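Here's the structure we're looking at; comments come further down.
Protein chains: 2
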Amino acid sequence: MKSAHQDVGNQFDSTALLRSVNLRPTRQRKALAELLLRHGDRHITAELLHEEALRAGVKISLATVYNTLHQFVDAGLLRELVVDSGRAYFDTNTSHHHHFFDEDTGALMDIPGDAVAVGSLPHAPNGRQISRVDVIVRVRKDDA
Amino acid sequence: MKSAHQDVGNQFDSTALLRSVNLRPTRQRKALAELLLRHGDRHITAELLHEEALRAGVKISLATVYNTLHQFVDAGLLRELVVDSGRAYFDTNTSHHHHFFDEDTGALMDIPGDAVAVGSLPHAPNGRQISRVDVIVRVRKDDA
DNA sequence: TCAATAATTTAGAATTATTTTAATGAAAAA
DNA sequence: TTTTTCATTAAAATAATTCTAAATTATTGA
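Protein chains in written order, with our numbering: chain A, 1 to 144; chain B, 145 to 288.
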């Protein structure tokens, strides 16, 4: 039998995590943090995460999923990826790395380690500084 | 006085260009080809190109601008860029090069020559082949 | 040259992803 | 607790793009 407390057996302390980035540990934010960060690296859209939360029995609106994802990005818990226009992907891996993007399926994959090396960057124009370098390796079905 | 023929003094033959890629040289397609390809490299959105066409006195609908941009991409006359989710940019430079993206202003700039070198690419997963490698160097106002 | 055919354009409706609004509910501070 | 502040939500609003079906225009072949 399940205990009466809402202990779902999460392996990390989402409350502490949220507190550490100055976000109130609400039911919704804890649930999303657990869905997103419990497992290893994930690439997900707001829409899909919302569906996943609902399937997991979490009552949450799509607007809150959007809000929360953006707050997580601001807090450095997630990184936002732009690979096809029209939808935003969120990546739970915030360390420096690049991506494969499958043009046929829309799937995103991390490129392992430093398998991509960007040599010699140009310097940024006028009063600008480089904030990030994104490398997207687009792949598609082999025509062979 | 202007001649009675519709000779607007374009420096290249848009009709021939369109024919060469199997697109009928309609009034609208010729006008867009001229706006896009007359000058050097451009990065533009459908919305902005539409406004520019209207300002130039070309009667054309936004739907046609979208259709035409995609046809030009398919024909290899343009390249579509994805840099911020929500809007698509089209680049008149179809040769191999990369981009700066100014996160503050939304401006795109070509990165000159081979100022960016991508060393060692990983090979594509399973039955996939690499179709393109995009490098986007995101810049923002200097915090200094 | 001209009708017949096929391709293109268009206005407007529809779609998709996302953001905003204004009201209600929950967490932190007093 | 009570108050204050922050978060959530449903629903409406917005933005970019695509679709639809009708009207127009380009090309082809007599």
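Idealized CB from N, CA, C, for every residue including glycine.
As the structure is a computational prediction, the values presented were derived from the model and not from experiment.
Residue i burial status per 10 Å Cβ neighbour count (16 or more: buried)
{"i": "residue 116 of chain A", "result": "buried"}
{"i": "residue 32 of chain A", "result": "buried"}
{"i": "residue 203 of chain B", "result": "exposed"}
{"i": "residue 194 of chain B", "result": "buried"}
{"i": "residue 78 of chain A", "result": "buried"}
{"i": "residue 125 of chain A", "result": "exposed"}
{"i": "residue 168 of chain B", "result": "exposed"}
{"i": "residue 160 of chain B", "result": "exposed"}
{"i": "residue 198 of chain B", "result": "exposed"}
{"i": "residue 47 of chain A", "result": "exposed"}
{"i": "residue 145 of chain A", "result": "Examination of residue 145 of chain A is not possible in this model, given that chain A is present from 1 through 144 alone."}
{"i": "residue 3 of chain A", "result": "Residue placement at residue 3 of chain A is poorly supported in this model, since its pLDDT is 40, which falls under 50; the coordinates still yield a value, given next. By the 10 Å Cβ count, residue 3 of chain A comes out exposed."}
{"i": "residue 91 of chain A", "result": "buried"}
{"i": "residue 145 of chain B", "result": "Only weak support is given to the placement of residue 145 of chain B: the predicted model assigns it a pLDDT of 38, under 50, and the question is left unresolved by the model."}
Neighbouring residues, chain A, relative to residue i (Cβ below 8 angstroms)
{"i": "residue 247 of chain B", "result": "131"}
{"i": "residue 129 of chain B", "result": "Because chain B here runs from 145 to 288, residue 129 of chain B falls outside it and cannot be looked at."}
Contacts that residue i makes with chain B (C-beta to C-beta distance below 7 angstroms)
{"i": "residue 88 of chain A", "result": "229"}
{"i": "residue 206 of chain A", "result": "Nothing about residue 206 of chain A can be reported from this structure: the residues present for chain A run from 1 to 144 only."}
{"i": "residue 82 of chain A", "result": "226, 227, 228, 229"}
{"i": "residue 111 of chain A", "result": "266"}
Option in the options with minimal Cα separation from residue i
{"i": "residue 283 of chain B", "options": "A:133, A:137, A:143", "result": "A:133"}
{"i": "residue 82 of chain A", "options": "A:98, A:63, A:72", "result": "A:98"}
{"i": "residue 20 of chain A", "options": "A:89, A:38, A:72", "result": "A:72"}
{"i": "residue 76 of chain A", "options": "A:18, A:13, A:141, A:106", "result": "A:18"}
{"i": "residue 88 of chain A", "options": "A:44, A:130, A:38", "result": "A:44"}
{"i": "residue 271 of chain B", "options": "A:112, A:131, A:103, A:120", "result": "A:103"}
{"i": "residue 37 of chain A", "options": "A:54, A:56, A:55, A:14", "result": "A:14"}
{"i": "residue 119 of chain A", "options": "B:250, B:281, B:191", "result": "B:281"}
{"i": "residue 69 of chain A", "options": "A:96, A:29, A:12", "result": "A:29"}
{"i": "residue 74 of chain A", "options": "A:22, A:142, A:141", "result": "A:22"}
{"i": "residue 130 of chain A", "options": "B:275, B:206, B:171, B:279", "result": "B:279"}
{"i": "residue 40 of chain A", "options": "A:66, A:65, A:93, A:101", "result": "A:93"}
{"i": "residue 142 of chain A", "options": "B:156, B:178, B:267", "result": "B:267"}
{"i": "residue 256 of chain B", "options": "B:244, B:265, B:250, B:249", "result": "B:244"}
{"i": "residue 96 of chain A", "options": "A:63, A:80, A:35", "result": "A:80"}
{"i": "residue 108 of chain A", "options": "A:114, A:121, A:84", "result": "A:84"}
{"i": "residue 56 of chain A", "options": "A:34, A:110, A:42", "result": "A:34"}
{"i": "residue 67 of chain A", "options": "A:121, A:26, A:110", "result": "A:26"}
{"i": "residue 258 of chain B", "options": "A:61, A:52, A:121", "result": "A:121"}
Contact set between residue i and chain A, taken where Cβ atoms lie within less than 7 angstroms
{"i": "residue 265 of chain B", "result": "116, 137"}
Any non-hydrogen atom of the ligand FAD closer than 8 angstroms to residue i Cβ
{"i": "residue 274 of chain B", "result": "What this structure holds is no ligand at all, so the ligand FAD is not there to describe."}
8 angstroms Cβ cut-off: residues of chain B touching residue i
{"i": "residue 124 of chain A", "result": "244, 281, 283"}
Beta-carbon neighbours of residue i, restricted to chain B and to distances below 9 angstroms
{"i": "residue 41 of chain A", "result": "None at all; the shortest Cβ gap to chain B is about 15 angstroms."}
{"i": "residue 74 of chain A", "result": "Within 9 angstroms Cβ-Cβ: nothing; residue 74 of chain A doesn't reach chain B, min ~14 angstroms."}
Within chain A, partners of residue i - CB distance below 9 angstroms
{"i": "residue 157 of chain B", "result": "None at all; the shortest Cβ gap to chain A is about 32 angstroms."}
Can you give, in chain order, each stretch of the alpha helix (DSSP H) that sits fully within the stretch 225 to 263 of chain B and has at least 4 residues?
The DSSP assignment places no complete alpha helix (DSSP H) segment of no fewer than 4 residues inside the stretch 225 to 263 of chain B.
Quick check for students: name the residue ranges of the alpha helix (DSSP H) that lie wholly in the stretch 178 to 228 of chain B, counting only runs of 4 or more.
With a minimum length of 4 residues, the continuous alpha helix (DSSP H) runs that stay inside the stretch 178 to 228 of chain B are 190 to 199, 206 to 218.
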